[in-house]
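Undergrad:
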Amino acid sequence: MTDAVQQMPGHGSSHPRLTGTVRHVVLIAICFVMIYPILWMLSGSLRPASELFGGDAGLIPSQVTVEAYSNGWFGLQINFGQFFLNSLIIAVLATIGNVLAASLVAYAFARLEFWGRGFWFALMLGTLMLPYHVTLIPQYVLFRSLDWVNTWWPLILPKYFAVDAFFIFLMVQFFRGIPKELDEAARMDGCSAWRIYWKIILPLSMPVLATAAIFSFIWTWEDFFGPLIYISEMRNYTVQLGLRSFIDSSGTSSWNELFAMSVLSLVPIFLIFLFFQRLLIEGIATTGMKR
Amino acid sequence: MVTTITLNKVEKRFGALDVIRGIDLEIKPGAFTVFVGPSGCGKSTLLRMIAGLETISGGDLLIDGDRMNDVAASKRGIAMVFQSYALYPHMSVYKNLAFGLETAGYKREEIDRRVREAAATLQITDYLQRKPKALSGGQRQRVAIGRSIVRDPKIFLFDEPLSNLDAELRVQMRVEITKLHERLGNTMIYVTHDQVEAMTMADQIVVLKAGKVMQAGSPLELYNNPANQFVAGFIGSPKMNFVAVEAADGTAVTLNGVRIETGRQHASGKLTLGIRPEHIDIGDGPGQVIGEARVELVEHLGGSTVLHVLPPFQEETMTVMLSGQQPCRSGDRVALRIERKNCHLFDTEGRALLR
Numbered sequence: 001m002t003d004a005v006q007q008m009p010g011h012g013s014s015h016p017r018l019t020g021t022v023r024h025v026v027l028i029a030i031c032f033v034m035i036y037p038i039l040w041m042l043s044g045s046l047r048p049a050s051e052l053f054g055g056d057a058g059l060i061p062s063q064v065t066v067e068a069y070s071n072g073w074f075g076l077q078i079n080f081g082q083f084f085l086n087s088l089i090i091a092v093l094a095t096i097g098n099v100l101a102a103s104l105v106a107y108a109f110a111r112l113e114f115w116g117r118g119f120w121f122a123l124m125l126g127t128l129m130l131p132y133h134v135t136l137i138p139q140y141v142l143f144r145s146l147d148w149v150n151t152w153w154p155l156i157l158p159k160y161f162a163v164d165a166f167f168i169f170l171m172v173q174f175f176r177g178i179p180k181e182l183d184e185a186a187r188m189d190g191c192s193a194w195r196i197y198w199k200i201i202l203p204l205s206m207p208v209l210a211t212a213a214i215f216s217f218i219w220t221w222e223d224f225f226g227p228l229i230y231i232s233e234m235r236n237y238t239v240q241l242g243l244r245s246f247i248d249s250s251g252t253s254s255w256n257e258l259f260a261m262s263v264l265s266l267v268p269i270f271l272i273f274l275f276f277q278r279l280l281i282e283g284i285a286t287t288g289m290k291r
Numbered sequence: 001m002v003t004t005i006t007l008n009k010v011e012k013r014f015g016a017l018d019v020i021r022g023i024d025l026e027i028k029p030g031a032f033t034v035f036v037g038p039s040g041c042g043k044s045t046l047l048r049m050i051a052g053l054e055t056i057s058g059g060d061l062l063i064d065g066d067r068m069n070d071v072a073a074s075k076r077g078i079a080m081v082f083q084s085y086a087l088y089p090h091m092s093v094y095k096n097l098a099f100g101l102e103t104a105g106y107k108r109e110e111i112d113r114r115v116r117e118a119a120a121t122l123q124i125t126d127y128l129q130r131k132p133k134a135l136s137g138g139q140r141q142r143v144a145i146g147r148s149i150v151r152d153p154k155i156f157l158f159d160e161p162l163s164n165l166d167a168e169l170r171v172q173m174r175v176e177i178t179k180l181h182e183r184l185g186n187t188m189i190y191v192t193h194d195q196v197e198a199m200t201m202a203d204q205i206v207v208l209k210a211g212k213v214m215q216a217g218s219p220l221e222l223y224n225n226p227a228n229q230f231v232a233g234f235i236g237s238p239k240m241n242f243v244a245v246e247a248a249d250g251t252a253v254t255l256n257g258v259r260i261e262t263g264r265q266h267a268s269g270k271l272t273l274g275i276r277p278e279h280i281d282i283g284d285g286p287g288q289v290i291g292e293a294r295v296e297l298v299e300h301l302g303g304s305t306v307l308h309v310l311p312p313f314q315e316e317t318m319t320v321m322l323s324g325q326q327p328c329r330s331g332d333r334v335a336l337r338i339e340r341k342n343c344h345l346f347d348t349e350g351r352a353l354l355r
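Quick note, the sequences are listed as chains E and R, same order. Using UniProt numbering, the first residue of the first sequence is number 1, and each one after it goes up by one. Using UniProt numbering, the first residue of the second sequence is number 1, and each one after it goes up by one.
1) By DSSP, does E/M171 sit in helix, in strand, or in coil?
2) Does R/K239 come out as helix, strand or coil in the three-state DSSP assignment?
3) When the Cβ atoms of the segment 175-185 of chain E are set against those of the segment 115-132 of chain E, are three or more pairs found closer than 8 Å?
4) Helix, strand or coil for R/H266 per DSSP?
5) Report the three-state DSSP secondary structure of R/K131 (helix, strand or coil).
6) Could you work out which residues of chain E lie near R/I78, taking near to mean beta carbons separated by less than 9 Å?
7) Excluding five sequence neighbours on each side, which residues of the same chain lie with their C-beta closer than 7 Å to the C-beta of R/S237?
8) Counting only beta-carbon separations shorter than 8 Å, does R/P89 have a partner in chain E?
9) To the nearest angstrom, report how far apart E/L264 and E/M234 are at their CA atoms.
10) Identify every residue that forms a DSSP beta bridge with R/T6.
11) Could you work out which residue in R/Q139, R/E109 and R/E102 is closest to R/A119 when comparing CA atoms only?
12) Run through chain E and tell me which residues come within less than 8 Å of R/S74, C-beta to C-beta.
13) Excluding the 5 residues flanking E/V105 on each side, which residues of the same chain have their C-beta closer than 7 Å to its C-beta?
14) Starting from E/E113, find everything on chain R with Cβ-Cβ shorter than 9 Å and list it in chain order.
15) Enumerated in chain order, which unbroken segments of the alpha helix (DSSP H) with a length of 4 residues or greater are wholly contained in the segment 98-153 of chain E?
16) Mapping the DSSP letters down to three states, classify E/Y197 as helix, strand or coil.
17) Quick check on R/L122 - is its C-beta less than 8 Å from some C-beta in chain E?
18) R/F99 CB to nearest chain E CB: under 8 Å?
19) Alpha carbon to alpha carbon, how far is R/N342 from R/H266?
20) Would you report the Cα separation of R/K9 and R/R170, rounded to the nearest angstrom?
21) When the cut-off is 8 Å and only beta carbons count, does E/L204 lie next to chain R?
22) Near R/T125, which residues of its chain fall below 6 Å by C-beta distance, leaving aside the five closest residues on each side in sequence?
23) Distance check for R/E182 and R/D66, CA to CA, integer angstroms please.
24) Please state whether DSSP places E/M41 in a helix, a strand or coil.
25) Counting contacts by CB-CB distance shorter than 8 Å, is E/E233 in contact with chain R?
26) Please classify R/K75: is it buried, with 16 or more other beta-carbons within 10 angstroms of its beta-carbon, or exposed?
27) Closest by CA to E/I90, which one among E/N236, E/V141 and E/I196?
28) Using a beta-carbon distance below 8 Å, is E/I196 in contact with chain R?
29) Got a sec: is the Cβ-Cβ distance from R/A51 to anything in chain E below 8 Å?
30) Looking only at its own chain, which residues have a Cβ that is under 7 Å from the Cβ of E/I78, when we skip the five neighbours before and after it?
31) Can you name the residues of chain E whose CB is closer than 7 Å to the CB of R/T103?
32) Nearest chain R C-beta to E/I200 closer than 8 Å, yes or no?
33) Apart from the five residues on each side of it in sequence, which residues of its chain come closer than 7 Å, Cβ to Cβ, to E/G97?
34) Count the other CB atoms within 10 Å of the CB of E/A108; is the residue buried (16 or more) or exposed (fewer)?
35) Quick check on this structure: which residue in R/P29, R/L353 and R/Y190 has the alpha carbon closest to the alpha carbon of R/Q83?
36) For R/T319, write down the residues that DSSP places opposite it in a beta bridge.
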């Protein structure tokens, strides 16, 4: 009896390593399942078209070819570089608009006192619950009467009016964490509300601005529905619309090219994330204060 | 350039809450004025109203005779040092000092000259390129003061600037701020809850309680002639002792049957006798004995000895501060002796009675 009890700890000490290994194996397996579609897409973009839907569509292609990339890039009436350029312009402008407008509105909600602030804030949060699709038709009617259909304006301009309540909310929360004494010190230093926003609040909010920028860019880049509704001419297409063209352009879908261009379309997102991720981590807002 | 600040029936309300309740005050030009009071007395709010960071709900604020109620904070010629220092964390020390001047549109050479001058004054020249987070508490405090002096303001406001420093540094900075005032000669207002800071730094102390001025005057005036029981208890350390007494004939009172001559005019009825710990002596000597008490606790401070004694006439202990080192032990019985000139007398409303 006593022996058994004494042996228990010995048993236990070998357990952590075993459970650790098991846990890792399980996690790696789940990761593999998650990432499998991307790997398959990557391998699909590198293999000959004939092999794509063959009997054993494993991950390793029998021969590697980059034909799909050149075919995809130059295969449509307009080369894919144009779509990348279009998407880039739209995403960059939309991101700038989102970050500027949302931070301005958030600054007003977080710092300025005006009539009905609580009410307007609640109303703004309420718009979070409106699905995109509810406002789609009224918006379409509006933009059509402005003669903006088949231009990029409907995809860019609304962002300059702080339409995204999520970013505003995110920033309001962050700004509230910046000590008010900094605003007051700046006021004593002669700053206007505008200058406090520009010189004090924004530089101290890099983490939240980077977060908003990253998401804003990714969401605009990935958006398929918006461009689909508003853009009809191929020269105005975004990458996402360009990708769709592979499926129905010539009756027979060019899957290889679709995969190849899909892989390329992920590159900017990856780069953006790499670049801004450093800013996300830098929490510098409160380091000059002593409490 | 010395500036007068005048407050006429100044009030502040936050909704239904009266924080400042009709303050009349004249802050003398070039004086170092300290607002002191327990927490929640409204001293910081009053300072922020003068600064322009809080609106004024009623009354007038005059600076050199001009009404300032609706003038923007930056146009009042005031600089303020905050309790948390409020240094801009993303700017170097140099930028922190220069920021206000840049905002005001000074030329770059002028900014540089002023920043370097202020930095030299406060001995922070070596840290100009550092960020605030790389500075110690005392250095941050200097930068905060430097940021206020570069703008060459008429008035300096300090909102509990030393409360984040350790005791040793606090004493050092206290001396430096006093010296700074002597050199610059500006009107300065300083808020603290620490009556020692108030006593050591002030030309004029304003004691506040619940949004009202209890008394304003020089440190020694407040110490020698407190206008009421609150000021008497607040100024001085250890605290003044208060003893319930009965009025007797003339200027005398009776305490537990003992007649004590106070030298103060009074009406009949119940009164409170106030006597500071350092004004009570034990053993034989001049003055009048008010009773014999038992020593409960002895604190040897080296330069002085503090006794906590329990007299027969009340339940709370009294504090006695004797100079030098005394051979007292707890359990000893001592005769408490006071002098007439050191007696304070308060009526039932807590008002001091005159001699």
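Ideal Cβ positions, reconstructed from N, Cα and C, are used throughout, including at glycine. If you're wondering where the values come from, they're calculated on a predicted model, not measured in any experiment.
TA: In brief:
1) helix
2) coil
3) no
4) coil
5) coil
6) M188
7) Q195 and V196
8) yes
9) 19 Å
10) R/E26 and R/L62
11) R/Q139
12) R187, M188, D189, G190 and C191
13) A162 and I168
14) Result: empty, since nearest Cβ-Cβ is about 10 Å, beyond 9 Å.
15) 117-126 and 132-145
16) helix
17) no
18) yes
19) 16 Å
20) 34 Å
21) yes
22) A119
23) 26 Å
24) helix
25) no
26) exposed
27) E/N236
28) no
29) yes
30) M234 and R235
31) D189, G190, C191 and R195
32) yes
33) I156, K159 and Y160
34) buried
35) R/Y190
36) R/H308
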